[in-house]
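Chemist: Right, I'll just put the structure down here and ask away after.
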Amino acid sequence: MASRTASTIAQLLADKQVVISCGSGGVGKTTAAAAMAATAAARQGGKVLVLTVDPAKRLANALGLEGFGNVEKQVPASAFAAAGVKVKGELWAAMLDTKESWDALVRRHAPDPHTAQAILDNKLYDNITGRFVQSHEYIAMERLYELHSEGRYDLIVVDTPPTRNALDFLEAPQRMADFFSSRFLRILTAPYRSRLVNFASKPFYTVADRILGTEFLEDIAEFFGLFQSMAPGFVERAEAVTRLLHDRRTTFVVVSTLEAAPLHEAEFFIDVLSRKSFHLGAVVLNKVLPSYLLDQQAADVARRIETQAGELAAKLGPDIGDPALVRRVLVEIAESFLRFQTVARREAEQRAALAVAPEVVATVPYFEVDVYDLAGLLRLGEIIWS
Amino acid sequence: MTDLLDRKLVFVTGKGGVGKTTLAAALGLLAAQHGKKTLVCEVDAKGDLAHFYDCGPTRFQPRQVQARLSAMSMDTEESLKEYLALNLKLPMMAKIGPLARIFEFVATAAPGVKEILTVGKLAYEVRERNYDLVVVDASPTGHIIGQLAAPEAINELVKVGLVRNQTGWMLDILSDPARTGLLIVTTPEEMPVNETIELAARVEKDTSVHLAGIVVNRVLPELFGRGEEEVFDRLAEPDKVAELSQDVGGDATPIVEAARLAVTLRRTRAEHLERLRRQIDRRTPMLYVPYLFTKSDGLAATTQVAEALSAELGF
């Protein structure tokens, strides 16, 4: 495989097999992931899969993902044709169903069907898989691994779940492995009698009993006892997932807007990616205000329009409207320009301050309408592309 | 809606990126300005709250950031220690350190334990009347139900023990609409509006907490009044833009383009706002906070949002 440095997103998508789109909530990473996948399918060919976590309903509909489920669906070539694009390859889409993925994982790793069923039926199971060791993040990476190892796709673009900490999913596989080999899990699942004589666990159980009650602790212990039977499979798998994330065929695309908070998170993210030697492929700056807003001359013009609105309205003549109304409109558009310029300048400063930047930075303008169909995704993809 | 500040415990949630922490910070500031002794608590411990008050890092021990206003960050391990110290009076308190770590582990695994330590601490401050108002920068929309419904979840799973004994008084506080309320923050955009609609329904169904209101943040101003849009459309014709450019002595195209952008953005957002209004119970109060076109951030921006909230609340 060529190890040249990609200088555009197009090259990046051509070189890599797995692209992970990440960033904080609300920056458009799901849309960016779908746009990159759609454009790669249209222009590069091959089988491209976009794995989304929580798409907006209209975006899901645009990708043909109605309802939930782990099944991958092909976006028909006719949909591309309707968007005015001839698709060279195939675009597939799938949504992540956390519950279904967990169930499948339990069935795969449990030593026997009886144990699998006992785990699935345990009343703590839903609750626990729903929240422990960043289960959502882990399952997303686990699904990615599974789809990648099946080898049915030339390129997989994956959207990451919204997390409190955008890095959780990177560490999730390792945490899963750590969890199964932890001393705490051994204490927790040790037979009740031995816990009380065990020096390490006795103080814990004395307090825990009083706080949570023995019965609840027994429930937990029983559940984790069953769960532990899956440890070997889980640990091995988690390690394989970690290897895939570090593989040179895998790259990360960080998506952000130029607002302070998401950008701050993006910088933090870029820093950690490099420290932990993951491959940062590109940064996509989304919803960037148009550059004409930064124009100093335009600002001067806006100020003159504002102060001379009356005369200008008179000169424009009555055929566009009552001069008083025209004057007001002129003042309003001038003020509006200056307001948006303040925001655009703030954004430009944020961008200049983006100290840690990879070679590829794609800038996507503020779309005046929401992107919610394939045509919109392809339009967005074209902008990210070059 | 003025009674929002008369409550004792207000949870603020919203999808990531909509300005949840800004609104929580501003609400706390406003309450303090109105003479209430207020505590603002950040639950996610991202350390953002400090930025909104231009103060040093917040910790579990509240720090005063303004007159009558204190800020803290939730830390479930600290919360557990405090709880154990108050309730168990164990002779082995010295050993609580490593114990708390083990407990942290179980709390991560066992449903509702972390949440109860969070909600419990906040409800405790209310019960003890330590503050007139506790504002919580709570978990985002995806996790808030688990947080608010923790006492019920614990009630179902844990049959005996100290934690179980605590859920009763917590539920009394949480389910009392005069004392406790949830504010959902959204922006007039597709995903935040979708999540707000879904969450509003789930709060009703799955928790005992009352939905006190919805804050729509970053509302763009309506650019044109009556009859003005038609005037603008005629003005935006190429020959008129050229004429205007000549009259003003410089290219007016960017100004016209920017106005067009402002109108379209406002219109797209208005559609989402309309959808939100249609699908939310009419009785749920809606507050609108304008988009801030200023350079400012930190406390200056928080103060501006507090002013906007103040106007919306009818002060």
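If you're matching them up, the sequences are chains A and B in order.
Mapping the first sequence onto this note's numbering, position 217 (from 1) lands on 217, and the numbers just tick up by one.
Here this note's numbering = 1-based position in the second sequence + 386.
Using N, Cα and C, we set each Cβ at its ideal position, and we do this for glycine too.
(1) Using CA atoms only, rank isn't needed, just tell me which of ILE220/A, SER277/A, ASP219/A, TYR145/A is closest to GLN411/A.
(2) Does LYS422/B come out as helix, strand or coil in the three-state DSSP assignment?
(3) Excluding five sequence neighbours on each side, which residues of the same chain lie with their C-beta closer than 7 Å to the C-beta of GLY532/B?
(4) Assign ALA480/B to one of three DSSP states: helix, strand, or coil.
(5) Can you tell me the Cα-Cα spacing of VAL133/A and GLU538/B, whole angstroms?
(6) Near LEU105/A, which residues of its chain fall below 7 Å by C-beta distance, leaving aside the five closest residues on each side in sequence?
(7) For ASN541/B, which three-state DSSP category applies?
(8) Taking GLN341/A as the reference, which of TYR372/A, GLU332/A, ASP322/A, GLN296/A has the closest Cα?
(9) Contact criterion: CB-CB distance below 8 Å. Does ALA587/B meet it with respect to chain A?
(10) Which runs of the alpha helix (DSSP H) spanning at least 4 residues fall entirely within the stretch 11-64 of chain A, listed in chain order?
(11) Give, in chain order, every unbroken run of the alpha helix (DSSP H) that is at least 4 residues long and sits entirely within the stretch 440-481 of chain B.
(12) Could you list which residues in chain B have their beta carbon closer than 8 Å to that of PHE337/A, in chain order?
(13) Using beta-carbon positions only, say whether ALA348/A and LEU285/A come within less than 8 Å of one another.
(14) Tell me, which residues are paired with PHE397/B by DSSP?
(15) By alpha-carbon positions, which one of ALA334/A, VAL253/A, MET36/A, ALA313/A ends up nearest to ALA644/B?
(16) When the Cα atoms are used, what is the spatial distance from PRO101/A to ILE139/A?
(17) Which two residues bound the contiguous alpha helix (DSSP H) that contains LEU391/B?
(18) Within 8 Å (strictly less), CB to CB, does ASP373/A reach chain B?
(19) Residue range of the beta strand (DSSP E) that ARG515/B falls in?
(20) Does the Cβ of ALA694/B have 16 or more other Cβ atoms within 10 Å, making it buried, or fewer, making it exposed?
(21) Report all residues from its chain with a CB closer than 7 Å to the CB of HIS437/B; omit the five preceding and five following residues, and keep chain order.
(22) Work out the CA separation of ALA598/B and ILE583/B for me, nearest whole Å.
(23) According to a CB-to-CB cut-off of less than 7 Å, which residues of the stretch 548-571 of chain B neighbour chain A?
(24) Go through its chain and collect everything with a Cβ distance to PRO563/B's Cβ below 6 Å, but skip five positions before and after it.
(25) Rounded to a whole number of angstroms, what is the C-alpha to C-alpha distance between ALA457/B and ARG663/B?
(26) Is it true that the stretch 258-268 of chain A meets the stretch 301-311 of chain A, where meeting means three or more beta-carbon pairs spaced less than 8 Å apart?
(27) Helix, strand or coil for GLY751/B, going by three-state DSSP, please let me know.
(28) How should ARG108/A be labelled, buried or exposed, when 16 other C-beta atoms within 10 angstroms of its C-beta is the threshold for buried?
(29) Work out the CA separation of LYS423/B and ASP523/B for me, nearest whole Å.
(30) Pull up the distance between the alpha-carbon of ASP667/B and that of ALA656/B, whole angstroms please.
(31) In its own chain, which residues sit with a C-beta less than 6 Å from the C-beta of THR573/B, not counting the 5 before and 5 after it?
(32) Under 8 Å between the Cβ atoms of ASP300/A and PRO161/A?
(33) How should ALA480/B be labelled, buried or exposed, when 16 other C-beta atoms within 10 angstroms of its C-beta is the threshold for buried?
(34) At a Cβ threshold of 8 Å, is ILE604/B touching chain A?
(35) Within the continuous alpha helix (DSSP H) that includes SER631/B, where are the two ends?
(36) Along chain B, which residues have their Cβ under 7 Å away from the Cβ of TYR451/A?
Modeler: Reading off the structure:
(1) In the structure displayed, chain A extends from 1 to 386; residue 411/A sits before or after that span and is not available.
(2) On the second sequence, residue 422/B is found 36 positions in, with the first residue counted as 1. In the structure shown, LYS422/B sits in coil (DSSP, three-state: anything other than H, G, I, E or B).
(3) The count along the second sequence starts at 1 and reaches residue 532/B at position 146. The answer, listed in chain order, is GLU501.
(4) The count along the second sequence starts at 1 and reaches residue 480/B at position 94. Unreliable placement is indicated for ALA480/B, whose pLDDT of 49 sits below 50; no coordinate value is reported for it.
(5) Counting from 1 along the first sequence, the entry for residue 133/A is found at position 133. Counting from 1 along the second sequence, the entry for residue 538/B is found at position 152. Low per-residue confidence applies at VAL133/A: pLDDT is 44, beneath 50, and the placement is therefore not dependable, though the value from the model is reported in the following sentence. Straight-line Cα distance between these residues: approximately 23 Å.
(6) In the first sequence, the residue the question calls residue 105/A occupies position 105. Cβ within range, chain order: GLU142.
(7) Position 155 of the second sequence holds residue 541/B. DSSP places ASN541/B within a helical segment (H, G or I) once states are collapsed to three.
(8) Locating residue 341/A in the first sequence gives position 341, counting from the first residue. Out of TYR372/A, GLU332/A, ASP322/A, GLN296/A, GLN296/A has the C-alpha closest to the C-alpha of GLN341/A.
(9) To locate residue 587/B, count along the second sequence from 1; it is residue 201. Not closer than 8 Å to any Cβ of chain A, the Cβ of ALA587/B fails to qualify, so no.
(10) 29-43, 57-62
(11) 462-473
(12) Residue mapping note: residue 337/A aligns to position 337 of the first sequence, counting from 1. Result: PRO640, ILE641, ALA644, ALA645.
(13) Stepping through the first sequence from its first residue, residue 348/A is reached at position 348. Stepping through the first sequence from its first residue, residue 285/A is reached at position 285. In this structure, LEU285/A does not lie closer than 8 Å to ALA348/A by Cβ.
(14) In the second sequence, counting from the first residue as 1, residue 397/B sits at position 11. According to DSSP, PHE397/B bridges with VAL522/B, LEU568/B.
(15) Along the second sequence, read from residue 1 onward, the residue named residue 644/B stands at position 258. That would be ALA334/A, whose Cα lies nearest to the Cα of ALA644/B.
(16) Within the first sequence, the letter at position 101 stands for residue 101/A. Within the first sequence, the letter at position 139 stands for residue 139/A. Note on residue identity: the sequence assigns Ser, not Pro, to residue 101/A. Cα to Cα, SER101/A sits roughly 7 Å from ILE139/A.
(17) Along the second sequence, one-based indexing puts residue 391/B at 5. Careful: LEU391/B lies outside any alpha helix (DSSP H) and carries neither H nor E.
(18) Sequence index remark: in the first sequence, residue 373/A carries index 373 (1-based). For ASP373/A, no Cβ of chain B is located within less than 8 Å of the residue's own Cβ.
(19) Here residue 515/B refers to the residue found at position 129 of the second sequence. If you look at ARG515/B, you'll find it isn't in any beta strand (DSSP E); DSSP assigns it neither H nor E.
(20) As a position in the second sequence, residue 694/B is number 308, starting the count at 1. Under this definition ALA694/B is a buried residue.
(21) For the purposes of this step, residue 437/B is identified with residue 51 of the second sequence, where counting begins at 1. Taken in chain order, the residues that qualify are GLY684.
(22) Numbered from its first residue, the second sequence carries residue 583/B at position 197. Numbered from its first residue, the second sequence carries residue 598/B at position 212. One C-alpha to the other measures close to 14 Å.
(23) For the stretch 548-571 of chain B, residues whose beta-carbon sits nearer than 7 Å to a beta-carbon of chain A comprise LEU548, VAL549, ARG550.
(24) Residue numbering aside, residue 563/B sits at position 177 when the second sequence is read from its first letter. Contacts found: HIS596.
(25) As a working mapping, residue 457/B is identified with position 71 in the second sequence. As a working mapping, residue 663/B is identified with position 277 in the second sequence. Cα-Cα distance, rounded: 33 Å.
(26) no
(27) A question about residue 751/B goes unanswered here, because the residues of chain B that appear run from 387 up to 701.
(28) What you label residue 108/A is simply residue 108 of the first sequence in a count that begins at 1. Result: exposed.
(29) If you number the second sequence from 1, residue 523/B lands on position 137. If you number the second sequence from 1, residue 423/B lands on position 37. When rounded, the distance between both Cα atoms is 17 Å.
(30) The count along the second sequence starts at 1 and reaches residue 667/B at position 281. The count along the second sequence starts at 1 and reaches residue 656/B at position 270. When rounded, the distance between both Cα atoms is 18 Å.
(31) Position 187 of the second sequence, counting from 1, holds the residue named residue 573/B. By the criterion of a C-beta distance shorter than 6 Å, THR573/B is surrounded in its chain by VAL404, ASN603, ARG604, once the five residues flanking it on both sides are discounted.
(32) As a working note, residue 300/A is residue 300 in the first sequence. As a working note, residue 161/A is residue 161 in the first sequence. Not in contact: ASP300/A and PRO161/A (Cβ atoms no closer than 8 Å).
(33) Counting from one through the second sequence, the residue named residue 480/B turns up at place 94. Any reading at ALA480/B must be qualified, since the residue scores a pLDDT of 49, below 50, and its modelled position is unreliable; no value is offered.
(34) Taking the second sequence and counting its residues from 1, one reaches residue 604/B at position 218. Checking the displayed sequence, the identity of residue 604/B turns out to be Arg instead of Ile. No, ARG604/B lies away from the interface with chain A (no Cβ there is under 8 Å from its Cβ).
(35) Reading the second sequence from its first residue, position 245 is the one you call residue 631/B. From DSSP, the alpha helix (DSSP H) with SER631/B extends over 624-634.
(36) The structure shown does not extend to residue 451/A, since chain A spans only 1 to 386, so no value can be given for it.
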